[in-house]
Amino acid sequence: ALDLILQTKGLDQRRNGNIINIAPREELLARDKQVLEGKQQLSALEPVRSETFVLRYRSAEDFKKILDGSSTTSGANNTANNGLLSSRGSALIDPKTNTLIINDTQSVIDKIRDLVSKTDIPVKQVLIEARIVEATDDWSKSLGVKLNVARTSSGLSLGGSVTDAITSHNIATGAASGTIPLNSGVNLGLSGTYNSIGAVFGAGSRAAIGLELDAMETGDKGKVLANPRIMTADRVEASIEQGTEIPYQEASSSGATSVSFKKANLSLKVTPQITPDNRVLMEIQINKDTVSTTLIVNSTPAIDTKVVKTQVMVENGGTVVIGGIYQQTLDSTTNKVPLLGDIPFLGALFRSKVDKNNRTELLVFITPRVVEDLNLQNR
760 ALDLILQTKG LDQRRNGNII NIAPREELLA RDKQVLEGKQ QLSALEPVRS
810 ETFVLRYRSA EDFKKILDGS STTSGANNTA NNGLLSSRGS ALIDPKTNTL
860 IINDTQSVID KIRDLVSKTD IPVKQVLIEA RIVEATDDWS KSLGVKLNVA
910 RTSSGLSLGG SVTDAITSHN IATGAASGTI PLNSGVNLGL SGTYNSIGAV
960 FGAGSRAAIG LELDAMETGD KGKVLANPRI MTADRVEASI EQGTEIPYQE
1010 ASSSGATSVS FKKANLSLKV TPQITPDNRV LMEIQINKDT VSTTLIVNST
1060 PAIDTKVVKT QVMVENGGTV VIGGIYQQTL DSTTNKVPLL GDIPFLGALF
1110 RSKVDKNNRT ELLVFITPRV VEDLNLQNR
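So the sequence shown is numbered by our numbering: it starts at 760 and just counts up by one.
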């Protein structure tokens, strides 16, 4: 109400502690201008000092960009957009010792010292364990049913402790692989949104998932292709890649030929972000490349590419399962009676041909674990 009255009367206010100063707007603006000019004159008379800062966790070069106002790093101080150095100040760096040398007035140096103490801190890290599994279609469908067991009497739950659904997903296709339907993702026996592309299990399901994977390999229902572990900092992408490079001959405009290579890889990219409640938000991309057996242009093999992209929230130590990348093969087996099966025409009576359609699914189990830093907790 007071602001409305002041506005209609052409007045304005300035608050100084518990005192409110009310005067015409032009008078207050002129007074503010005088105060600002006085500060600038004092700053021009203030002596320039020098101080060095040895940074422990941040790059001195990146920190200098903040002081110059040219940094776009997320989480930087808002004042970094205009620069912290005065018109008389300068900043130098020594890359070998990661040292920042500041020449400026004492008031600016005090601000920089405060910024260093708040931002030069260790970043939390995330240990990402990935289990890349190739399993039969029926095994992937039965996995969720086996894990979706909740013991309500003791409060212990396995698959029943699903915490978050996948928030978004996008499945792209390769040159000769066609469209992957969204409803063909891994079916883990759960209901609702979890059936479309994957599921998230709580930290208590990790041991049960490991037992199921061991049983899968023992029963010849699939195999674990890789079990990589990688450590990365918060909000820093981690990538894992394995595969082959396929050689092929490439002709130049002069007619000479050279050997070039095409990659056919299985790659996994994960960018974790630790939330304030110590959960992990992950951006995940899975690429599965295979050499096409049906499309070859000028002796150059085509690469069938399947891509899965998603973003999912997982509790610390929980596991997200992502599927939807299928491979289908047709096996033909001929059974016959020795000698009799080789007789022309009549041999067909002693032979049988069995065609088996094998469908396997690529499943990726990703388990993030936040690595706590004791130095960060004690600061």
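Quick reminder that beta carbons are idealized off the backbone N, C-alpha and C, glycines included. Note that the structure is a prediction, hence the values are computed from the model and not measured.
Please classify residue i as buried or exposed, where buried requires at least 16 neighbouring CB atoms within 10 angstroms.
{"i": "I1045", "result": "buried"}
{"i": "F1020", "result": "exposed"}
{"i": "S912", "result": "Legend: pLDDT at S912 = 31, less than 50; position of this residue unreliable, no value from coordinates given."}
{"i": "V1130", "result": "exposed"}
{"i": "P783", "result": "exposed"}
{"i": "I778", "result": "exposed"}
{"i": "P1031", "result": "buried"}
{"i": "F822", "result": "buried"}
{"i": "V1018", "result": "exposed"}
Could you have a look at residue i and say whether DSSP puts it in helix, strand or coil?
{"i": "A1139", "result": "It is not possible to answer for residue 1139, since the shown part of the chain is limited to 760 through 1138."}
{"i": "G1083", "result": "strand"}
{"i": "V882", "result": "coil"}
{"i": "K855", "result": "coil"}
{"i": "S829", "result": "coil"}
{"i": "D1036", "result": "coil"}
{"i": "S1051", "result": "strand"}
{"i": "E976", "result": "helix"}
{"i": "I861", "result": "strand"}
{"i": "I868", "result": "helix"}
{"i": "S876", "result": "helix"}
{"i": "R808", "result": "strand"}
{"i": "R815", "result": "coil"}
{"i": "E786", "result": "helix"}
{"i": "L1098", "result": "coil"}
{"i": "V794", "result": "helix"}
Can you tell me the Cα-Cα spacing of residue i and residue j, whole angstroms?
{"i": "V983", "j": "L843", "result": "53 Å"}
{"i": "K980", "j": "D1101", "result": "35 Å"}
{"i": "G1083", "j": "V813", "result": "49 Å"}
{"i": "R1110", "j": "M975", "result": "34 Å"}
{"i": "V1073", "j": "Q1086", "result": "28 Å"}
{"i": "Q849", "j": "L826", "result": "Sequence inspection shows Ser at residue 849; the Gln mentioned does not correspond to that position. Each residue's Cα considered, the two are about 9 Å apart."}
{"i": "I891", "j": "L1122", "result": "6 Å"}
{"i": "L992", "j": "V885", "result": "It is worth fixing the name first, because residue 992 is Ala in this sequence and not Leu. Their Cα atoms are separated by approximately 6 Å."}
{"i": "T922", "j": "V1080", "result": "Because the pLDDT at T922 is just 32, under 50, the model does not fix this residue reliably, and the point stays unresolved."}
{"i": "P854", "j": "T1059", "result": "47 Å"}
{"i": "G1014", "j": "I999", "result": "38 Å"}
{"i": "Q800", "j": "K792", "result": "12 Å"}
{"i": "I1062", "j": "S1011", "result": "22 Å"}
{"i": "R790", "j": "K877", "result": "34 Å"}
{"i": "S846", "j": "E1042", "result": "42 Å"}
{"i": "K768", "j": "A803", "result": "38 Å"}
{"i": "G797", "j": "N775", "result": "18 Å"}
{"i": "R1140", "j": "N1075", "result": "Outside the shown range of the chain (760 to 1138) lies residue 1140, about which nothing can therefore be said."}
By Cβ distance below 6 Å, which residues in the same chain neighbour residue i in space, the five residues on each side in sequence not counted?
{"i": "I887", "result": "I989, A997, V1029, P1127"}
{"i": "F1124", "result": "R890, T1078, V1080"}
{"i": "T1092", "result": "V1113"}
{"i": "N986", "result": "R890"}
{"i": "E1009", "result": "S1017, S1019"}
{"i": "V875", "result": "F812"}
{"i": "N942", "result": "Confidence at N942 is low in this model, with a pLDDT of 35, below 50, so its placement is unreliable and the value that follows should be read with caution. Around N942: no qualifying Cβ."}
Among residues of its own chain, excluding the 5 on either side of residue i, which ones have a beta-carbon nearer than 8 Å to its beta-carbon?
{"i": "I858", "result": "In the sequence as presented, Ile is not what sits at residue 858; that position holds Thr. If we look at T858 and ignore the five residues flanking it on each side, its Cβ neighbours are T811, F812, V813, L814, A819, I852."}
{"i": "R808", "result": "N862, D863, T864, Q865, I868"}
{"i": "K1095", "result": "D1101, G1106, F1109, R1110, S1111"}
{"i": "D896", "result": "Y1085, R1118, T1119, E1120"}
{"i": "K883", "result": "A992, D993, I1033, V1129, V1130, E1131, D1132, L1135"}
Verify the CB distance criterion: does residue i have a CB-CB separation below 9 Å to chain D?
{"i": "N780", "result": "Here there is only one protein chain, and chain D is not present."}
Using a Cβ-Cβ cut-off of 7 Å (strictly less than) and excluding sequence neighbours within five positions of residue i, which residues of its own chain qualify?
{"i": "T1088", "result": "N1117"}
{"i": "R773", "result": "N780, L787"}
{"i": "F894", "result": "First, the residue type needs correcting, since residue 894 is Ala and not Phe in the sequence shown. Within the same chain, A894 has close Cβ partners M975, K980, G981, T1119, E1120, L1122."}
{"i": "L972", "result": "R890, V892, V983"}
Since I believe residue j is in contact with residue i (beta carbons under 8 Å), could you give me their beta-carbon distance rounded to a whole number of angstroms?
{"i": "A1023", "j": "T1003", "result": "6 Å"}
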